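Under our numbering, think of the first position of the sequence shown as 1, with each following residue one higher.
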Amino acid sequence: MIFLLGAVLVILLVVIGGERGAITFFSLGWNLLVLTISILAMSWGISPILVTFISCLLISYITLFYQNGKNAKTIASFAALLIGILILFFLTYEIGYDAKLRGLSEILQREDEVFGLSADIQVSMAQIAVSMILIGLMGAVMDTSIAVSSAVYEVYKNNRHLSVTELFRSGMAIGRDILGTTINTLYFAYLGESMMLFLLFKNFHYSVLDVINSKAFFQEVAAILLSGIGCVMMIPLTSSIISYLLKNPGRFQKLLNEDELFSNH
Numbered sequence: 001m002i003f004l005l006g007a008v009l010v011i012l013l014v015v016i017g018g019e020r021g022a023i024t025f026f027s028l029g030w031n032l033l034v035l036t037i038s039i040l041a042m043s044w045g046i047s048p049i050l051v052t053f054i055s056c057l058l059i060s061y062i063t064l065f066y067q068n069g070k071n072a073k074t075i076a077s078f079a080a081l082l083i084g085i086l087i088l089f090f091l092t093y094e095i096g097y098d099a100k101l102r103g104l105s106e107i108l109q110r111e112d113e114v115f116g117l118s119a120d121i122q123v124s125m126a127q128i129a130v131s132m133i134l135i136g137l138m139g140a141v142m143d144t145s146i147a148v149s150s151a152v153y154e155v156y157k158n159n160r161h162l163s164v165t166e167l168f169r170s171g172m173a174i175g176r177d178i179l180g181t182t183i184n185t186l187y188f189a190y191l192g193e194s195m196m197l198f199l200l201f202k203n204f205h206y207s208v209l210d211v212i213n214s215k216a217f218f219q220e221v222a223a224i225l226l227s228g229i230g231c232v233m234m235i236p237l238t239s240s241i242i243s244y245l246l247k248n249p250g251r252f253q254k255l256l257n258e259d260e261l262f263s264n265h
């Protein structure tokens with residue numbers, strides 16, 4: 001059944017997406033390879049935090065440059081993601097350790113698939129929890145960043161007389177328009193994954209205080225909040241970087257290689 005669903009996805013990507021759909025499929029394959037190597041590296045004893053940071057950078061690079069090409073939009077988006085990932089790393093790490101999060105919560109440890117398995121795998125479960133949250137929020141953060149970058153790019157192509165400040169304001173306005181749907185998408189995605197968790201809380205008669213103090217509940221809520229924070233941060237970060245980059249093409253001409261955009265600047 002999994003292979004059938006995978007085949008349907010590939011066919012739809014190629015038929016509907018055409019060449020871009022095929023590129024999306026291959027970029028997804030490269031990202032899965034990165035995640036697989038990351039898991040192996042963690043199992044070999046390499047710090048999960050270091051592995052996750054490198055993985056996030058590679059996933060961002062593959063998704064942006066391999067799938068969308070090297071241009072002002074992707075360069076600005078990648079730069080904003082680099083700054084955003086650093087901030088989110090410190091924030092997630094601090095929250096994860098203060099809350100004593102673990103890769104397997106007290107609820108997951110009772111599931112049939114892991115009940116008989118030992119959690120003593122010589123890997124820091126606190127770092128694994130941080131890694132899980134960071135990998136989980138990458139998709140939404142990248143989506144917000146490239147959406148804002150692409151929109152500002154198109155605004156500038158149609159009106160090259162706009163200043164850096166005006167372009168920045170355009171990016172902020174566009175970001176506010178997509179912010180509502182982005183946050184709701186995150187909320188419902190995590191809520192859908194957590195429905196079984198809430199059913200378990202109900203069936204085992206957890207009180208409100210028990211739920212609030214549950215590490216499983218906190219880990220899900222923390223993931224939602226950190227993803228939302230990341231998406232909100234991407235709006236001003238990406239808007240400022242793409243605006244400056246577009247209005248200062250001389251400093252980035254070799255990097256951008258977009259003569260058709262800047263030739264009449």
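A virtual CB, placed ideally from N, CA and C, is assigned to each residue, including glycine. As the structure is a prediction and not an experimental result, all values here were calculated from the model.
Closer than 6 Å by C-beta to residue i: which residues in its own chain qualify, once you throw out the five before and the five after it? Chain order, please.
{"i": "Met172", "result": "Ser239"}
{"i": "Tyr93", "result": "Val130"}
{"i": "Pro48", "result": "Met42, Gln127, Ile128 and Ser131"}
{"i": "Thr74", "result": "Leu64, Phe65 and Asn68"}
In this structure, how does DSSP classify residue i when only helix, strand and coil are distinguished?
{"i": "Phe218", "result": "helix"}
{"i": "Trp44", "result": "coil"}
{"i": "Lys247", "result": "helix"}
{"i": "Leu4", "result": "helix"}
{"i": "Ser55", "result": "helix"}
{"i": "Ser163", "result": "coil"}
{"i": "Ser207", "result": "coil"}
{"i": "Gly69", "result": "coil"}
Take residue i and list the residues in its own chain whose beta-carbon comes closer than 7 Å to its own, dropping the five residues that flank it on each side.
{"i": "Met1", "result": "none"}
{"i": "Ile87", "result": "Met233"}
{"i": "Asn228", "result": "The sequence shown places Gly at residue 228, not Asn. Answer for Gly228: Ile183 and Leu186, listed in chain order."}
{"i": "Asn264", "result": "With a pLDDT of only 44 at Asn264, under the threshold of 50, the placement of this residue in the model should not be trusted; the figure read from the coordinates follows. Nothing meets the Cβ criterion."}
{"i": "Ile95", "result": "Ala222"}
{"i": "Gly17", "result": "Thr24"}
So is residue i buried or exposed if we call it buried at 16+ other beta carbons inside 10 Å?
{"i": "Lys269", "result": "Missing from the structure shown is residue 269; the chain here goes from 1 to 265 and no further."}
{"i": "Phe15", "result": "Looking at the sequence shown, residue 15 is not Phe but Val. Exposed."}
{"i": "Met303", "result": "Here the chain comprises residues numbered 1 to 265, so residue 303 is not present and cannot be evaluated."}
{"i": "Glu19", "result": "exposed"}
{"i": "Ser77", "result": "buried"}
{"i": "Leu9", "result": "exposed"}
Could you give the C-beta distance for residue i and residue j, rounded to a whole number, given that I count them as a contact under 8 Å?
{"i": "Leu134", "j": "Phe90", "result": "Their Cβ separation, rounded to whole angstroms, is 11 Å, which puts Leu134 and Phe90 out of contact at 8 Å."}
{"i": "Val141", "j": "Gly84", "result": "6 Å"}
From which residue to which residue does the alpha helix (DSSP H) around residue i run?
{"i": "Tyr156", "result": "Met125 to Asn158"}
{"i": "Ile62", "result": "Run containing Ile62: none; DSSP gives neither H nor E here."}
{"i": "Lys73", "result": "Ala72 to Asp98"}
Any beta carbon from chain D within less than 8 Å of residue i's own beta carbon?
{"i": "Phe217", "result": "Given the protein chain composition of this structure (a single chain), no chain D is represented."}
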